[in-house]
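If you're matching them up, the sequences are chains A and B in order.
Under numbering that gives the first Met the number 0, the first sequence has 132 at position 133, and the numbering climbs by one with no breaks.
Under numbering that gives the first Met the number 0, the second sequence has 12 at position 13, and the numbering climbs by one with no breaks.
Every residue, glycine too, gets a C-beta built ideally from N, C-alpha and C.
Report on the following structure.
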Amino acid sequence: MTTWLPEVTVAEGQTEFDAVFGLRPDLFDAYRDFESVFWTHELLDASILDACRARCAQVLRAEGASTDPIAADDPTSALAVCLVLAEQFVMDPHGVTAEMREAVVAHLGDAGLVALVEALAVFDGFTRFRTILAVEPANGPR
Amino acid sequence: MADDAIANSPLALQPEALQRFLVLYGLLWSHGEVDHTAKEIARLRNARITDCGY
């Protein structure tokens, strides 16, 4: 998949996502600053962030999404409960139950739940961004 | 920021993320090719489609 946007030229060392979003450089800089904070400030464990991003891509049937199952070995683990909430977030956020929220809070606290939902908003929104603009998959700006 | 509904929301539990989000969101509304009216209509339409009560 390559974007249909006619003005996009991908420079060496750039991803197509960089080139497309770079059409709005001020927004892209602010986006990268926001998106990267989840990893640079360790708002959540990187393995949870990576797994939830990959699961969002699967649920949204994004180009390049992994075909391997994304699941936690222990169904009571932090990763497992985050993945449950991530799936529901993408499919229908009104279906996120108190049990789903409380399971995440039990592992990560209220601030962890907020970080997860913010990260999911980024993953969900920018997976849709890539799909609509036919932007090749990238693993984020980290 | 004291009266800012976003800044006073649960997002404040993650201040580093909130600070950066507000920069991004502010740019989205204050700059760009899409005029403000169209952005506001899109925002309202999105809220209606997703049945967002906020």
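Item	Value
Can you find a C-beta in chain A that's less than 7 Å from the C-beta of P14(B)?	no
Would you grab the beta carbon distance between Q114(A) and F37(A) for me? Rounded to a whole angstrom, and I think it's under 8 Å.	The question names Gln, but residue 114(A) in the sequence shown is Ala. At roughly 7 Å, the Cβ-Cβ gap stays under 8 Å, so A114(A) and F37(A) are in contact.
Could one say the Cβ of P140(A) lies closer than 7 Å to chain B's Cβ atoms, at least one of them?	Its pLDDT being 40, under 50, P140(A) is placed unreliably in this model, and the coordinates cannot settle the point.
Determine the direct distance from the alpha carbon of A97(A) to that of G139(A), and round the result to whole angstroms.	Low local confidence applies: a pLDDT of 49 at G139(A) is under 50, so the model's placement there is unreliable, with the coordinate-based value given in what follows. If I take the Cα positions, the gap works out to 30 Å.
Hey, does V22(B) have any beta-carbon neighbour from chain A nearer than 7 Å?	yes
Under 8 Å: do the segment 76-88 of chain A and the segment 107-125 of chain A share three or more Cβ pairs, one atom per stretch?	yes
Between the segment 55-70 of chain A and the segment 84-102 of chain A, do at least 3 Cβ pairs fall closer than 8 Å?	yes
Quick one: is R129(A) buried, meaning 16 or more other Cβ sit within 10 Å of its Cβ, or exposed?	buried
So which residues on chain A does L10(B) lean against when the C-beta distance must stay under 8 Å?	V113, E117
Would you please state the rounded distance, in angstroms, between the beta carbons of L26(B) and L26(A)? I believe it to be under 8 Å.	6 Å
Can you pull the chain B neighbours of R100(A), defined as C-beta to C-beta under 8 Å?	Per Cβ cutoff of 8 Å: no residues; R100(A) is ~11 Å from chain B at best.
Rounded to whole angstroms, what is the Cα-Cα separation between E15(A) and P92(A)?	30 Å
Using a 10 Å radius around the Cβ and a threshold of 16 neighbouring Cβ atoms, would you call R60(A) buried or exposed?	exposed
When we look at the beta-carbon of I69(A) and count the other beta-carbons within 10 Å, is it buried (16 or more) or exposed?	buried
To the nearest angstrom, how far is the alpha carbon of A46(B) from that of S65(A)?	30 Å
Can you give me the C-alpha to C-alpha distance between L21(B) and E11(A), rounded to a whole angstrom?	31 Å
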